[in-house]
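To keep things clear, I will list the structure first and then write my remarks on it.
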Amino acid sequence: MTPPPEWLDEEAGPIVRPYALTRGRAHSSADDMDLIAMVTAVGKIPRDPADIGPEQWRILDITARATSVVDIASELDLALGVVRVLLGDLQDQGLIRVRPPAQVAPLPSERILKEVINGLRAL
Amino acid sequence: MAFAPSDEPVALKILVAGGFGVGKTTLVGAISEIRPLRTEEVLSDRGVGVDDVGGVETKTTTTVAMDFGRITIREGLVVYLFGTPGQERFWFMWDELSYGALGAVVIADTRRLTDCFPSIDYFEQRGTPFIVAVNCFDGAERYEPDDVRIALDLDPEVPVLLCDVRRRASAKVVLVTLVEHALKTLTAAQR
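Here's what the structure looks like:
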């Protein structure tokens, strides 16, 4: 069994509780955002820059190119739930565009799957 | 601003399931670029049908690391591997993970085959294409794939193969087998 976590190093996780970043909010308009939905910053300037936290600025930075929700969470090293709240805020302010995977490719096409098979073989 | 490519990147999701300690993490690590991913131990009350209690949000905030890997096939085509959390308290994650998944690899250990029953049941019920990869542990008795198929009572079209998840070449064969199976399932459904 793993010993109980100790607050000693990075392994212990952040000292600040994860949802402190979202001012305690655990829900947002992005609650159902798919893990592999693609997020793209639309390039608009926020109406009130003070509304945007540093993590959200980073998200806007990262999503200058379309980036999946999981990759954003991984890049920021924040829990998925926290990232969804941050994304929800940005979505509400019209600063990002989110495309669910079904919209990009309802079912992966035969062509895509064959490409994946060949790509995996070539690894 | 960076030039936006004309078509959106395509991302595919593959799940890696199986009992505790069966080699899920090892498989993900053998074939993909491992990335840190945190999630909460218990997700929100979403989907449970609990009414909003005056802005008080109930959610535990213990974060746990998940197995998550990424394989870039080419620019704009990425395959994500998600290890499905093994313990029962993580079942809530499964629906989210398997939604829209291309398919699943169920890793089996012949010394404790029953450990993969819940995964197989789950994917059968959801209709997610899956294959069974028997991880050949050192010191475990070797069984033929057909013996495993019978023991697991699998449908004849479900591929079963032996593998060594520590080896990249073997992990590659496992994933190729899964995607080929998913392709077959897809084209059969279109006919």
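Residue numbers (full-length UniProt numbering), protein chains in the order written: chain S, 1 to 123; chain B, 1 to 191.
Cβ atoms here follow ideal geometry from the backbone N, Cα and C, with glycine treated the same way.
Separation of residue j from residue i, as counted between CA atoms
i	j	result
T128 of chain B	V148 of chain B	20 Å
C116 of chain B	G19 of chain B	5 Å
L175 of chain B	A50 of chain S	46 Å
V10 of chain B	E75 of chain S	19 Å
L95 of chain S	I45 of chain S	8 Å
L120 of chain S	R166 of chain B	17 Å
E16 of chain B	D48 of chain S	Here residue 16 of chain B turns out to be Val, not Glu, going by the sequence shown. Computed Cα separation, rounded: 43 Å.
L162 of chain B	S170 of chain B	9 Å
P159 of chain B	E124 of chain B	13 Å
T114 of chain B	L152 of chain B	8 Å
A54 of chain S	A133 of chain B	Here residue 54 of chain S is Pro; the residue named in the question, Ala, does not match the sequence. Each residue's alpha carbon lies about 44 Å from the other.
P118 of chain B	I107 of chain B	12 Å
T110 of chain B	P100 of chain S	39 Å
Y19 of chain S	F137 of chain B	41 Å
T26 of chain B	D31 of chain S	31 Å
R126 of chain B	I62 of chain S	34 Å
R58 of chain S	R17 of chain S	19 Å
K24 of chain B	K172 of chain B	14 Å
L87 of chain S	L78 of chain S	12 Å
residue 219 of chain B	Q93 of chain S	The requested residue 219 of chain B does not occur in the structure, where chain B is confined to residues 1 to 191.
V70 of chain S	Y122 of chain B	23 Å
E180 of chain B	A189 of chain B	14 Å
A64 of chain S	T40 of chain S	6 Å
L178 of chain B	R23 of chain S	43 Å
Environment of residue i [buried if 16+ CB atoms lie within 10 Å]
i	result
S109 of chain S	exposed
R191 of chain B	exposed
Q56 of chain S	buried
I150 of chain B	exposed
S68 of chain S	buried
N135 of chain B	buried
A26 of chain S	buried
D146 of chain B	exposed
D155 of chain B	exposed
residue 148 of chain S	Because chain S is modelled from 1 through 123, residue 148 of chain S falls outside the range shown and cannot be assessed.
V42 of chain S	exposed
G100 of chain B	buried
Partners in chain B for residue i, counting only beta-carbon separations shorter than 9 Å
i	result
I36 of chain S	A11, L12, K13, V78, Y80, G100
L95 of chain S	Chain B residues near L95 of chain S: none, gap ~13 Å exceeds 9 Å.
Closer than 8 Å at the beta carbon, the chain B residues around residue i
i	result
R23 of chain S	Chain B residues near R23 of chain S: none, gap ~11 Å exceeds 8 Å.
L123 of chain S	I31, I71, R168, K172
Chain-ordered neighbours of residue i on chain B, where CB pairs are closer than 7 Å
i	result
R99 of chain S	E8
S68 of chain S	A11
L60 of chain S	Near L60 of chain S there are no residues of chain B at all, since even the closest Cβ is about 11 Å away, more than 7 Å.
Under 7 Å by beta carbon: chain S residues contacting residue i
i	result
E157 of chain B	Simply none; closest approach about 17 Å.
Residues that residue i contacts on chain S, provided the C-beta gap is smaller than 9 Å
i	result
E75 of chain B	Under the 9 Å cutoff, chain S gives no residues; its nearest Cβ is about 10 Å from E75 of chain B.
Chain-ordered chain S contacts of residue i [CB-CB under 8 Å]
i	result
F68 of chain B	V70, S74
P36 of chain B	S74, D77
**Message:** Please identify, using Cβ separations under 8 Å, the residues of the segment 71-88 of chain S that lie next to chain B, in order along the chain.
**Reply:** Within the segment 71-88 of chain S, the residues whose Cβ lies closer than 8 Å to some Cβ of chain B are D71, A73, S74, D77, L78, A79, L80, G81, listed in chain order.
**Item:** Segment contact flag, the segment 132-152 of chain B with the segment 69-88 of chain B, C-beta cutoff 8 Å, min 3 pairs
**Value:** They do not touch, by the three-pair rule.
**Request:** Note down, in chain order, all residues in the segment 105-120 of chain S with a beta-carbon under 8 Å from any beta-carbon belonging to chain B.
**Result:** Those would be A105, L107, P108, E110, I112, L113, K114, E115, V116, I117, G119, L120, in chain order.
**Asked** Name the residues in the segment 168-190 of chain B whose C-beta lies less than 7 Å from a C-beta of chain S; which are they?
**Response** Within the segment 168-190 of chain B, contact with chain S at the beta-carbon level (separation under 7 Å) is assigned to K172, L175, V176, V179, E180, A182, L183, L186, T187.
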